[in-house]
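Quick notes on the structure that follows.
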Amino acid sequence: MERLDTIPVVSASSPGSAVGVTGNVLPLLHEIRHALERLARDRDPTVIDLRAIPFAPGDEERLLSLLGRGEVSLVLSALGRSEIRESGYPGVWVVEHYNDAGERIALQIEVTDIPAIARSQVADIEESSTRLNDLLMNDNG
3 MERLDTIPVV SASSPGSAVG VTGNVLPLLH EIRHALERLA RDRDPTVIDL
53 RAIPFAPGDE ERLLSLLGRG EVSLVLSALG RSEIRESGYP GVWVVEHYND
103 AGERIALQIE VTDIPAIARS QVADIEESST RLNDLLMNDN G
């Protein structure tokens, strides 16, 4: 019979492992990969609500670490703060929303060209065109 101290211990969340503590990290990475394939093939965006996924301590950090950071980040200040950052995989975005008290109220992965919240709304674009036209019409220079 082997002694307990001679049995090797393997951690599911050891460096290099995408499994994580609950085992939800690897399936999420597969879901993101499938979403990227749909986006490339059909132009079909996907939103994954990470707050609805049961994470053990360290799982969220592990997932975000594996996704890495890309070149683009945005901060929006409308009805609370929203932080949007591209992951190390173009087309995969991490989107966090905070309330006025600074508490995170949403954490999502969006697989899309650009997250919906960062897109200008048609009404805003129309109003912008009108304002710029007014500026040009009133310019005495």
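Heads up: the sequence shown begins at 3 in my numbering, then just goes up one per residue. Heads up, the beta-carbon is just placed ideally off N, CA and C, and yes, glycines get one too. Values in this document were obtained by computation on a predicted structure and should not be read as measured data.
Distance, residue j Cα to residue i Cα
i    : j    : result
E129 : E62  : 40 Å
P47  : R71  : 20 Å
S122 : A103 : 26 Å
S75  : Y100 : 16 Å
H206 : I86  : The first residue shown for the chain is 3 and the last is 143, placing residue 206 beyond what the model contains.
R133 : D141 : 12 Å
E105 : L138 : 43 Å
P56  : I127 : 40 Å
V1   : S131 : Residue 1 is absent from the structure shown; the chain starts at 3 and stops at 143.
N135 : L78  : 26 Å
I119 : V96  : 12 Å
A42  : I34  : 12 Å
Same chain only: Cβ atoms within 7 Å of residue i, ignoring 5 sequence neighbours per side
i    : result
L109 : L52, R53 and E98
Neighbour-count burial assignment, residue i, 16 or more Cβ in a 10 Å radius
i    : result
V107 : For the record, residue 107 in the displayed sequence is Ile; it is not Val. So I107 counts as exposed.
A37  : buried
L30  : buried
Close beta carbons around residue i, own chain, < 8 Å, minus the five adjacent residues each side
i   : result
P17 : Bear in mind that a pLDDT of 45 at P17, under 50, signals an unreliable position, so the number given afterwards is only what the model happens to contain. Answer for P17: no residue qualifies.
Selected residue, minimal CA-CA separation from residue i, among the options
i   : options                   : result
L28 : I116, S67, A125 and Y100  : S67
N26 : R45, R64 and A42          : R64
E39 : T114, D136, A120 and V124 : T114
P92 : A118, L69 and V77         : L69
Residues near residue i in its chain [Cβ-Cβ closer than 6 Å; skip 5 each side]
i    : result
R83  : Y100
I50  : I111
I116 : none
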